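Heads up, the thing below is written out as structure tokens.
Numbering (this note's numbering), first residue to last: 1 to 513.
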């Protein structure tokens, strides 16, 4: 099994995906263990002094004014974890929790948190054992980090609360630790706080959303090309020289992808035939501009994620070179929250333009010779009428999900934490938006494929032919009388979701951009 080594300089997005989704093992480098030990010496030296140091010998948040005596500090660290593990609602997905745990370990290993090496080893042990703490949907305001979600993870590290074992069964964390030979951790000065103060949940969800959206934006170029073909549109609008004079990188990439997919098509260029039109509709002609803007949004979000992956997010932080511990505001989730919201906006717009193309394919007044709703016997058969209803419902929800969570803030902790990012909420709604976008593109694919097959006597491009053949092989049936449609749409959804659409097309085109 693949192993990810965590050092002091952060991790990559590929590392996060390997641990979160592929179950990769985690190891801590010798360099990181040495940095952990050095930072711990500083914390213990400060803890022995009579002067109060935030997070080491004081309370937390609005209670930071109280100086905590040495005999109460273990209890203090245990109590912060117990009290902050206050999440409610449905369980968060296993991949999200594993990403969150791994990213917290990444920051711990930076040497800026003051956590003992043994605590870091215990965190890696939990991941390697396949033990996933139960984390709930609600509890993070995206400031002071993802407090409640991270607290539920720290609680399991202490042998308390509930967790899911490798078999998928939820049981007491203490039982699972014992079964895997892991000892519960007794937290000392600073350690409870260090396990809770991070943007790890929202960052993990951002990294996974970026991976999914990269695939979906390529898929959208394919479905847009297929719709253009089915509508007998012109591919002249995709010419490189047109996009060179408006040099947005994403736009150029999307146009190039569509042109590659349509290469050799016998369906394009018929816009001057029986019902001549000078231009295709915006949803067809402007597909590269809309998808391209989304691609550029992805590039910006990726830059933010890379910076965050290289960060040590905690409060207070240890500065080993100066031998001190300082409070800071680096736990604030605004940088991550903004791009999470930005991606939800871009995804909603991509879904919206795809739905407009689907509706055009089903309307006999705008489809240039296709039967109403692509029905076998219109009137007796309804064809794909209600598939577009489903698509419209998905798009409508995505528009609601595009309302920025990061524009809101509710003060907490007796007005000490008086401006928060709501980044966790932005991440949660983005996950739903990504799921919905997958379904929207699946419906466009299914509709456009049927429309192309109904264009008798005209041959599609080799790449779109390969896509349609692979779609049919995946279980989504072709034209014919009305049937139970949900299984076909589910098959199309799985085909897009697992990357099958892009793979099928790239067997002809080579790697798309």
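Every residue, glycine too, gets a C-beta built ideally from N, C-alpha and C.
These numbers were taken from a predicted model, which means no experiment stands behind them.
request  = Report the residue from 144, 327, 339 whose alpha carbon sits nearest the alpha carbon of residue 304.
outcome  = 339
request  = Ignore the nearest five residues each way along the sequence and tell me which others in residue 35's own chain have a CB closer than 8 Å to its CB.
outcome  = 8, 109, 110, 111, 320
key: Helix, strand or coil at residue 3 according to DSSP, with G and I counted as helix   = strand
Spatially closest choice to residue 488 from 503, 472, 502, by CA coordinates = 472
ask   = What residues match up with residue 356 in a beta bridge as DSSP calls it?
value = Answer by DSSP bridge pairing: none, since residue 356 is not bridged.
inquiry  = On the DSSP letters alone, give me the boundaries of the alpha helix (DSSP H) that residue 324 sits inside.
reply    = Not the alpha helix (DSSP H): residue 324 falls in the beta strand (DSSP E), residues 324-326.
ask   = Span of the alpha helix (DSSP H) holding residue 213?
value = 200-230
Residue 125, enclosing alpha helix (DSSP H) - first and last residue = 117-128
inquiry  = What does the Cβ neighbour count give for residue 270, buried or exposed, with the cut at 16 atoms within 10 Å?
reply    = buried
ask   = Going along the chain, which residues of its own chain have a beta-carbon closer than 6 Å to the beta-carbon of residue 330, five neighbours each way excluded?
value = 313
message = Any contact between the stretch 18-32 and the stretch 167-183? By contact I mean 3 or more CB pairs, one from each, below 8 Å.
response = no
ask   = In three-state DSSP terms, what is residue 466?
value = helix
inquiry  = Between the alpha carbons of residue 515 and residue 183, how many angstroms are there, rounded?
reply    = The chain is shown only over 1 to 513; residue 515 falls outside these bounds and no answer can be derived.
ask   = Residues in its own chain within less than 6 Å of residue 218 by CB, not counting five upstream and five downstream?
value = 502, 512
message = I need the DSSP call for residue 415, collapsed to helix, strand or coil.
response = coil
task = Can you say whether residue 106 is buried or exposed, counting buried as having 16 or more other CB atoms within 10 angstroms of its CB?
result = buried
query = Between the stretch 145-159 and the stretch 124-137, are three or more C-beta pairs nearer than 8 Å?
reply = yes
task = Ignoring anything shorter than 4 residues or poking outside the stretch 304-387, list the alpha helix (DSSP H) runs there in chain order.
result = 334-362
task = Since I believe residue 439 is in contact with residue 515 (beta carbons under 8 Å), could you give me their beta-carbon distance rounded to a whole number of angstroms?
result = Since the displayed the chain opens at 1 and closes at 513, residue 515 lies outside it and no answer follows.
task = List the residues that DSSP assigns as beta-bridge partners of residue 398.
result = The partner list for residue 398 (beta bridge, DSSP) is empty, contrary to what the question assumes.
task = Output the boundary residues of the beta strand (DSSP E) element that contains residue 261.
result = Run containing residue 261: none in the beta strand (DSSP E); it sits in the alpha helix (DSSP H), 249-262.
query = For residue 24, does the three-state DSSP call read helix, strand or coil?
reply = coil
ask   = So, residue 279 versus residue 251, is the Cβ gap smaller than 7 Å?
value = no
request  = Check whether the Cβ atoms of residue 445 and residue 234 sit closer than 7 Å, and answer yes or no.
outcome  = no
query = Just to confirm, are residue 225 and residue 262 a CB contact at a threshold of 7 Å?
reply = yes
task = State the DSSP-derived secondary structure class of residue 170, mapped to helix, strand or coil.
result = strand
message = Taking the straight line between their C-alpha atoms, what separation do you get for residue 78 and residue 179?
response = 23 Å
ask   = Which of helix, strand or coil does DSSP assign to residue 58?
value = strand
task = On a CA-only basis, which of 161, 348, 185, 99 is nearest residue 516? Give me that one, please.
result = Because the chain spans 1 through 513 in this model, residue 516 falls outside it and cannot be assessed.
task = Whole angstroms is fine: what's the gap from residue 462's alpha carbon to residue 429's?
result = 38 Å
query = Does DSSP put residue 474 in a helix, a strand or coil?
reply = coil
ask   = Taking the alpha carbon of residue 146 as the point to measure from, which residue in 425, 441, 76 has its own alpha carbon closest?
value = 425
message = Pull the bridge partners of residue 133 from the DSSP assignment, please.
response = 163
task = Please go through the same chain and pick out, in chain order, the residues whose beta-carbon is closer than 7 Å to the beta-carbon of residue 496, but skip the five residues on each side of it.
result = 219, 438, 441, 442, 445
message = Using a Cβ-Cβ cutoff of less than 7 Å, which residues in the same chain neighbour residue 448 once the five nearest sequence positions on both sides are dropped?
response = 223, 226, 227, 230, 361
Cutoff 7 Å; reference residue 283; Cβ partners in own chain excluding five residues on either side = 353, 356, 357, 360
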